[in-house]
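S.K.: Protein sequence lines correspond, in order, to chains A and B.
So in the numbering used here the end of the first sequence lands on 935, straight run, no missing numbers.
So in the numbering used here the end of the second sequence lands on 161, straight run, no missing numbers.
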Amino acid sequence: MAELKRTGLYDLHVELGARMVPFAGYEMPVQYPPGVMKEHLHCRAAAGLFDVGHMGQVILRPKSGDVNDAAAALEKLVPVSVLGLKEGRQRYGLFTNAAGGILDDLMIANRGDHLFLVVNAACKADDIAHMRAHLSDICEIEEVAGRGLLALQGPAAEAVLGALVPATAAMKFMDVAVLQSDFGELWVSRSGYTGEDGFEISVADSRAVAFARGLLAHDAVEPIGLGARDSLRLEAGLCLYGNDIDTTTSPVEAALGWAIQKVRRAGGARAGGFPGADRILRELEEGTGRLRVGLRPDGRAPMRAGTQLFASESAQQPIGTVTSGAYGPSIEGPMSMGYVATGQAASGTVIFGEVRGKRLPATVTDLPFRPSSYKR
Amino acid sequence: MKFTEEHEWLRVEGDLVVVGITEHAAEQLGDVVFVELPEPDTTVSKDDEIVVIESVKAASDILAPVDGEIVEVNEALTDNPGLVNEDPQGDAWFFKMKLEDMASLDDFMDEAEYKDFIA
Chain A
560 MAELKRTGLY
570 DLHVELGARM
580 VPFAGYEMPV
590 QYPPGVMKEH
600 LHCRAAAGLF
610 DVGHMGQVIL
620 RPKSGDVNDA
630 AAALEKLVPV
640 SVLGLKEGRQ
650 RYGLFTNAAG
660 GILDDLMIAN
670 RGDHLFLVVN
680 AACKADDIAH
690 MRAHLSDICE
700 IEEVAGRGLL
710 ALQGPAAEAV
720 LGALVPATAA
730 MKFMDVAVLQ
740 SDFGELWVSR
750 SGYTGEDGFE
760 ISVADSRAVA
770 FARGLLAHDA
780 VEPIGLGARD
790 SLRLEAGLCL
800 YGNDIDTTTS
810 PVEAALGWAI
820 QKVRRAGGAR
830 AGGFPGADRI
840 LRELEEGTGR
850 LRVGLRPDGR
860 APMRAGTQLF
870 ASESAQQPIG
880 TVTSGAYGPS
890 IEGPMSMGYV
900 ATGQAASGTV
910 IFGEVRGKRL
920 PATVTDLPFR
930 PSSYKR
Chain B
43 MKFTEEHEWL
53 RVEGDLVVVG
63 ITEHAAEQLG
73 DVVFVELPEP
83 DTTVSKDDEI
93 VVIESVKAAS
103 DILAPVDGEI
113 VEVNEALTDN
123 PGLVNEDPQG
133 DAWFFKMKLE
143 DMASLDDFMD
153 EAEYKDFIA
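#1: Quick one: give me the first and last residue of the beta strand (DSSP E) that Val737/A is part of.
#2: Rounded to whole angstroms, what's the CA-CA distance from Ser906/A to Leu850/A? Just pull it up for me.
#3: In the DSSP assignment, what residue or residues form a beta bridge with Cys698/A?
#4: What residues of chain A sit near Phe137/B, judged by a beta carbon separation below 8 Å?
#5: Buried or exposed: which applies to Gln739/A, given that a residue is buried once 16 or more other Cβ atoms fall within 10 Å of its Cβ?
#6: Quick check on Tyr752/A - is its C-beta less than 9 Å from some C-beta in chain B?
#7: Going by the CB atoms, is the gap between Glu755/A and Gln712/A shorter than 9 Å?
#8: Given a limit of 9 Å on CB to CB distance, which residues of the segment 588-614 of chain A reach chain B?
#9: Can you list, in chain order, the residues of its chain with a C-beta nearer than 8 Å to that of Gly743/A? Leave out the 5 residues immediately preceding and following it.
#10: Starting from Arg918/A, find everything on chain B with Cβ-Cβ shorter than 7 Å and list it in chain order.
#11: Does DSSP classify Tyr591/A as helix, strand or coil?
#12: Please identify the residue among Asp570/A, Val747/A, Pro621/A, Gly831/A whose C-alpha is closest to the C-alpha of Gln649/A.
#13: Could you give the C-beta distance for Phe654/A and Asp686/A, rounded to a whole number, given that I count them as a contact under 8 Å?
#14: Runs of 3 residues minimum, wholly inside the segment 845-908 of chain A: which ones carry the beta strand (DSSP E) assignment?
#15: Report the rounded CA-to-CA distance for Val589/A versus Phe609/A, giving the unit in angstroms.
#16: Helix, strand or coil for Asp672/A per DSSP?
#17: Helix, strand or coil for Ile687/A? Go by DSSP, reduced to three states.
#18: Leaving out five residues before and five after Ala68/B in sequence, what residues of the same chain have Cβ atoms less than 6 Å from its Cβ?
#19: Is there a Cβ of chain B sitting closer than 9 Å to that of Ala921/A, yes or no?
#20: DSSP beta-bridge partners for Ser748/A?
#21: Just the chain A side, please: which residues come within less than 9 Å of Asp89/B by C-beta, in chain order?
Printed below as a string of structure tokens:
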């Protein structure tokens with residue numbers, strides 16, 4: 560097995576008492592001494608600091624110097640409008656394959672003369688190879704080296720980061736900016752993956768520890784591990800690549816059609832032209848046989864990933880499977896996401912999950928489980 | 043108090059044995075969010091899976107440590123599973139058993155042996 564990698568904050572995590580676990584090829588903190596539940600609630604009440612330095616940071620630099628050339632090229636790989644993305648803005652995207660499945664989900668930012676992407680840790684090598692294979696004529700594809708990535712999330716995030724980097728306070732949800740600071744040049748986006756207002760900040764490795772300590776110096780800020788990151792994103796109804804979406808799920812089945820702007824859909828000015836477009840555009844028009852939904856189990860027992868779902872207590876054939884399931888500390892009860900047959904996908908439908916041989920009722924629920932508080 | 047290799051503690055109370063999980067086990071589990079208890083008056087055999095515990099991390103079972111009859115369960119855990127983390131070796135007992143043979147407790151570890159076991 561390959562040696563596990565470490566982010567520049569490894570020693571700080573250990574100093575803070577983190578329990579480190581292997582995750583996507585890295586040794587990452589799964590929890591700190593307070594534990595998953597308290598970390599989760601702290602992030603929702605004040606602010607949480609996450610090390611997301613395992614994720615891939617990639618620059619697409621157009622050889623022509625015109626960012627529109629990079630945007631047009633990237634549109635060959637993603638079903639989203641990249642040309643429609645204004646300078647200083649970011650949007651969610653998906654790499655699709657020829658079968659209409661999802662290779663990865665990512666963030667795409669327009670930074671004036673180039674595009675900046677953030678991709679999942681487990682997929683980054685494949686994503687970069689995929690872009691090199693298809694975009695090298697038009698763009699230089701640079702994996703950013705020597706920079707860490709932190710997320711500061713929660714209602715106190717704006718005040719905390721604003722005290723260190725005043726220009727961040729004026730940013731709105733999905734704005735991006737390159738800002739000078741006491742910690743060198745920061746690449747800031749007002750985004751995250753918790754359902755909270757907050758920021759993701761790329762910082763040079765040489766300054767990352769000092770920056771993290773500067774944020775942790777505020778009473779409002781506590782470090783948060785991967786355990787709480789998972790329950791936070793699930794309450795926010797956000798997909799985890801590899802669990803809720805993968806090459807076997809299409810964007811429409813995954814209820815991510817909102818990420819495909821009108822201009823890329825049938826009848827749009829730049830309709831199709833991405834891998835799997837035939838299937839994905841057809842599904843946008845005609846629907847799919849199954850859909851990703853939220854589920855609230857009626858009792859307290861969590862329905863975890865892999866739980867088989869049935870239309871009734873006695874039905875023989877499953878109608879779907881749970882892909883993520885956990886206890887939601889803020890909603891004070893169990894929550895799951897999974898795929899169900901479209902006939903059972905309407906909000907309010909009662910279905911059954913088989914837990915330890917027993918069929919337990921669960922209600923199909925609109926996502927997110929908890930309203931998000933993005934600063935739009 | 044006696045201890046099992048499955049990280050249960052057993053405390054004799056008159057002719058009954060009270061069973062819970064150790065502080066070490068509770069810490070390893072993380073925050074407990076769900077507890078499913080057996081029905082009182084159930085006859086169980088050693089190693090039957092009689093309690094389900096779900097934490098923020100995973101599901102696990104408590105096995106019957108010995109043969110006997112469940113005579114009482116701690117309903118407070120159903121409504122407040124977090125008690126398992128707050129007071130694992132006190133208020134968060136899981137069930138009380140009447141043993142077929144009290145001598146079956148003799149084989150379990152005492153506290154010093156258990157401390158060595160988890161060291």
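All C-beta atoms in this analysis are idealised placements derived from N, C-alpha and C, irrespective of residue type, glycine included.
A quick note: this is a predicted structure, and the numbers were derived from the prediction, not measured.
M.R.: The structure says:
#1: Looking up residue 737/A in the first sequence gives position 178. Taken as a continuous stretch (DSSP letters only), the beta strand (DSSP E) holding Val737/A covers 735-740.
#2: Locating residue 906/A in the first sequence gives position 347, counting from the first residue. Locating residue 850/A in the first sequence gives position 291, counting from the first residue. For Ser906/A and Leu850/A, the distance between alpha carbons rounds to 12 Å.
#3: Along the first sequence, one-based indexing puts residue 698/A at 139. In the DSSP output, where bridge partners are listed per residue, Cys698/A has Pro621/A.
#4: As a first step, residue 137/B is located in the second sequence; it is residue number 95 there, counting from the start. Ordered by position in chain A, no residue passes the 8 Å Cβ test against Phe137/B, which lies about 18 Å from the chain.
#5: As a first step, residue 739/A is located in the first sequence; it is residue number 180 there, counting from the start. Label assigned to Gln739/A: exposed.
#6: Numbered from 1 along the first sequence, position 193 holds the residue referred to as residue 752/A. Answer no: the Cβ-Cβ gap between Tyr752/A and chain B never drops below 9 Å.
#7: As a position in the first sequence, residue 712/A is number 153, starting the count at 1. As a position in the first sequence, residue 755/A is number 196, starting the count at 1. Yes. Within cutoff.
#8: Val589, Gln590, Gly594, Val595, Met596, Lys597, His599
#9: By one-based count along the first sequence, residue 743/A stands at place 184. The answer, listed in chain order, is Val762, Ala763, Ser765, Arg766.
#10: The residue labelled residue 918/A in the question sits at position 359 within the first sequence. Going along chain B, no residue has its Cβ under 7 Å from Arg918/A, so there is no contact; the nearest lies around 15 Å.
#11: What you label residue 591/A is simply residue 32 of the first sequence in a count that begins at 1. Of the three classes helix, strand and coil, the one that applies to Tyr591/A here is coil, per DSSP.
#12: Along the first sequence, read from residue 1 onward, the residue named residue 649/A stands at position 90. Residue Val747/A is the option with its Cα nearest to Gln649/A.
#13: Sequence index remark: in the first sequence, residue 654/A carries index 95 (1-based). Sequence index remark: in the first sequence, residue 686/A carries index 127 (1-based). Yes, Phe654/A and Asp686/A are in contact; Cβ-Cβ is about 6 Å, under 8 Å.
#14: 849-856, 867-869, 879-887, 892-900
#15: Counted from its first residue, the first sequence places residue 589/A at position 30. Counted from its first residue, the first sequence places residue 609/A at position 50. So the alpha carbons of these two residues sit roughly 10 Å apart.
#16: Here residue 672/A refers to the residue found at position 113 when the first sequence is read from its first residue. Residue state, collapsed to three classes: coil.
#17: For this step, residue 687/A is matched to residue 128 along the first sequence. Three-state result, Ile687/A: helix.
#18: Stepping through the second sequence from its first residue, residue 68/B is reached at position 26. Around Ala68/B: Val126, Asn127, Pro130.
#19: Numbered from its first residue, the first sequence carries residue 921/A at position 362. By this cut-off, Ala921/A is not an interface position.
#20: Walking along the first sequence from the start, residue 748/A turns up at place 189. According to DSSP, which records beta bridges pairwise, Ser748/A is partnered with Val735/A, Glu759/A.
#21: Your numbering for residue 89/B matches position 47 in the second sequence. Per Cβ cutoff of 9 Å: no residues; Asp89/B is ~17 Å from chain A at best.
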